[in-house]
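Just below is one structure, and these are the notes that go with it.
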Amino acid sequence: MFGPGLPGFFLVPVSFWHVQRARSATERDEFNFREFNVNDDVFANDSVELLKQSGIDFKKNNENGIDARRFGELLISSGIVLNDSVYWVTFHSGYDFGYLLKVLTCQNLPDTQSGFFSLINMYFPTIFDIKHLMKFCNSLHGGLNKLAELLEVERIGVCHQAGSDSLLTACTFRKLKDNFFSGSLEKYAGVLYGLGVDN
């Protein structure tokens with residue numbers, strides 16, 4: 003994943019969910035970029051088919067999606083990144099953060115893992131990967147949907163849509179924290195499952 007080898011753009015839908023808001027599928031922001039093109043870009047057929055079945059309209063995204071560079075500019079100026087009071091909660095999303103770094107910096111990724119994590123820690127200083135946290139909960143296993151089911155977290159919306167997935171991720175994180183971790187989670191921050199100290 004490190005270095006300039008990642009394609010220019012891939013479909014990385016982005017969604018934000020505010021922890022203080024009511025638990026509602028309508029109270030989230032979802033962004034789809036226009037740069038990914040199924041006619042021109044390299045992709046895994048099964049992944050694209052899964053997203054199509056989940057309702058992703060690639061043609062509509064090409065025509066009406068957000069310009070990724072402009073999104074990067076707005077994200078930086080918003081104060082959401084480069085802010086240690088904003089918690090980034092994810093589930094096994096190292097590649098997604100790689101693409102977000104490319105959007106934010108408009109540059110290729112660093113050649114080394116340490117360079118990559120230097121940027122991760124700068125742009126996303128407080129990041130929690132649920133897949134990493136599961137390692138400290140002996141009875142938990144599987145993907146996000148399986149974990150949510152085990153923790154009795156209800157999905158709202160369509161699976162594999164950024165808004166529904168981010169809401170499920172946030173609610174699962176909250177339930178995991180409440181049920182398995184007492185006190186601060188800070189010592190678990192900054193790790194992306196499968197990369198860095200986790201690997």
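In the working numbering, the protein residues as written are 3 to 201.
In this text, a Cβ means the ideal position worked out from N, Cα and C, and glycines have one as well.
Which residues in the same chain as residue i place their Cβ atom closer than 8 Å to its Cβ, once the five residues preceding and following it in sequence are excluded?
| i | result |
| --- | --- |
| K54 | F60 |
| V40 | V50, F60 |
First and last residue of the alpha helix (DSSP H) that includes residue i?
| i | result |
| --- | --- |
| V105 | 96-107 |
| I68 | Segment: none, I68 is in no alpha helix (DSSP H) and carries neither H nor E. |
| V147 | According to the sequence provided, residue 147 is Asn. The question's Val does not apply to it. Where N147 is concerned, the enclosing alpha helix (DSSP H) stretches over 146-152. |
Closest to residue i by CA distance: which of the options is it?
| i | options | result |
| --- | --- | --- |
| Y101 | S186, N63, F35, S87 | F35 |
| H143 | I68, M124, F93, N39 | F93 |
| S186 | F130, L146, S168, L169 | F130 |
| N64 | F38, N140, D167 | F38 |
| G67 | E32, P127, S49, G159 | E32 |
| L169 | N181, F183, N147 | N147 |
| G57 | S80, G81, F45, G159 | G159 |
| Y97 | S79, D86, F118 | F118 |
Quick one: give me the first and last residue of the beta strand (DSSP E) that residue i is part of.
| i | result |
| --- | --- |
| V50 | No beta strand (DSSP E) holds V50; the alpha helix (DSSP H) holding it covers 47-55. |
In the DSSP assignment, what residue or residues form a beta bridge with residue i?
| i | result |
| --- | --- |
| V83 | V83 is not bridged to any residue. |
| I129 | W90 |
Could you confirm whether any beta carbon from chain B is found closer than 7 Å to the beta carbon of residue i?
| i | result |
| --- | --- |
| S166 | Although the question refers to chain B, the structure presented lacks it and comprises just one protein chain. |
Which same chain residues, not among the five before or five after residue i, have their C-beta less than 6 Å away from its C-beta?
| i | result |
| --- | --- |
| A150 | L170, T174 |
Beta-carbon within less than 7 Å of residue i's beta-carbon, same chain only, minus the 5 sequence neighbours each way: which residues are those?
| i | result |
| --- | --- |
| K179 | L187 |
Inset, instruction - Pair every Cβ in the stretch 102-119 with every Cβ in the stretch 69-87, then say whether three or more of these pairs are closer than 8 Å. - result: yes
Inset, instruction - Would you be able to state if there are at least three C-beta pairs under 8 Å between the stretch 182-197 and the stretch 129-137? - result: yes
Legend entry - the stretch 113-124 / the stretch 142-162 touching (three or more Cβ pairs under 8 Å): no
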